[in-house]
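Going by my numbering, the sequence shown opens with residue -16, and the numbers climb by one from there. For every residue, glycine included, the Cβ atom is placed at its ideal position computed from N, Cα and C. Just so it is clear, the structure is predicted and the values come from calculations on it, not from any experiment. Down below is the structure, laid out as structure tokens.
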Amino acid sequence: MELCAKHGASDLHLIVGRRPVLRIDGNLVPISKEEVLTPEATQNLVFSILNEDQKERFLRYKDLDFSYSLEGKARFRVAVYFQRGFVSASLRLIPARIRTIEELNLPSVLHRFAKYSQGFVLVVGPAGHGKSTTLAAILDEINHTRMDHII
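Here it is, written out as structure tokens:
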């Protein structure tokens, strides 16, 4: 997980039969100095970040989504699941700082969305294409320009 933050990777994937993989600029990059993951090693890695309640829920429902903090260094959105009968995980790095609409090179019309006092806005797209990042930028602008409650 520290390598993920260090190399600016957006994701870390732990899958049995492969080396741990980082997603850097959309490309999957195996961590060459790491061993190929065995079923036991993968389960041990994944279970090391779960508390007892999370382990129980994962084993009961066969998947689990949660957030994880790496001792003040980084935060991750974690998806734990079974793939081909083995424990696997995908960890998405959550940026420490919310980038602005300008920094993300998003259309300036999004500033208008931050000014709406009512209505409904949908942000849609495939996984990994910036929906959460876009919403965070809009919400951050609302938080910096208005005294409203956001639900």
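Ordered along the chain, which non-local residues of its own chain (more than five positions away) have a Cβ less than 7 angstroms from that of residue i?
{"i": "Asp131", "result": "Ile125"}
{"i": "Ala72", "result": "Leu(-3), Val29, Val61, Ala62 and Val63"}
{"i": "Leu47", "result": "Gln37, Arg40, Phe41 and Val63"}
{"i": "Phe96", "result": "Val104 and Ile121"}
At what residues does the alpha helix (DSSP H) containing residue i begin and finish?
{"i": "Tyr44", "result": "Glu35 to Tyr44"}
{"i": "Val29", "result": "Pro22 to Phe30"}
{"i": "Leu105", "result": "Premise fails: Leu105 is in no alpha helix (DSSP H) and is neither H nor E."}
{"i": "Arg95", "result": "Leu93 to Phe96"}
Just curious, the beta strand (DSSP E) that residue i is in, first and last residue?
{"i": "Pro13", "result": "Asn10 to Pro13"}
{"i": "Ser115", "result": "Not the beta strand (DSSP E): Ser115 falls in the alpha helix (DSSP H), residues Lys114 to Thr128."}
{"i": "Leu74", "result": "Phe69 to Ile77"}
{"i": "Leu(-3)", "result": "Asp(-6) to Leu(-3)"}
{"i": "Leu5", "result": "Val4 to Ile7"}
{"i": "Ala(-12)", "result": "Where Ala(-12) is concerned, there is no enclosing beta strand (DSSP E), although the alpha helix (DSSP H) it sits in stretches over Glu(-15) to Lys(-11)."}
For residue i and residue j, I'd like the C-alpha separation in whole angstroms.
{"i": "Pro13", "j": "Ser100", "result": "46 angstroms"}
{"i": "Phe69", "j": "Gly102", "result": "44 angstroms"}
{"i": "Ile81", "j": "Pro22", "result": "36 angstroms"}
{"i": "Phe59", "j": "Glu17", "result": "20 angstroms"}
{"i": "Asn88", "j": "Arg43", "result": "43 angstroms"}
{"i": "Leu51", "j": "Arg129", "result": "The residue asked about is misnamed: residue 51 is Tyr in this sequence, not Leu. Their Cα atoms are separated by approximately 30 angstroms."}
Using a Cβ-Cβ cut-off of 8 angstroms (strictly less than) and excluding sequence neighbours within five positions of residue i, which residues of its own chain qualify?
{"i": "Asp57", "result": "Looking at the sequence provided, one finds Ala at residue 57 rather than Asp. Cβ neighbours of Ala57 beyond the five flanking positions: Met(-16), Glu(-15), Cys(-13), Ala(-12), Leu76, Ile77 and Ala79."}
{"i": "Ala(-8)", "result": "Leu(-14), Leu5, Arg6, Ile7, Val12 and Leu76"}
Rounded to the nearest angstrom, how far is the Cβ of residue i from that of residue j, given a contact under 8 angstroms?
{"i": "Leu20", "j": "Val(-1)", "result": "5 angstroms"}
{"i": "Leu118", "j": "Val106", "result": "6 angstroms"}
{"i": "Asp(-6)", "j": "Leu93", "result": "Incorrect: roughly 25 angstroms between the Cβ atoms, too far for contact."}
Between residue i and the rest of its own chain, which residues show a CB-CB distance below 6 angstroms, the 5 nearest in sequence each way excluded?
{"i": "Phe65", "result": "Lys45"}
{"i": "Leu11", "result": "Val4"}
{"i": "Leu53", "result": "Met(-16)"}
{"i": "Arg2", "result": "Pro13, Ile14, Glu17 and Val19"}
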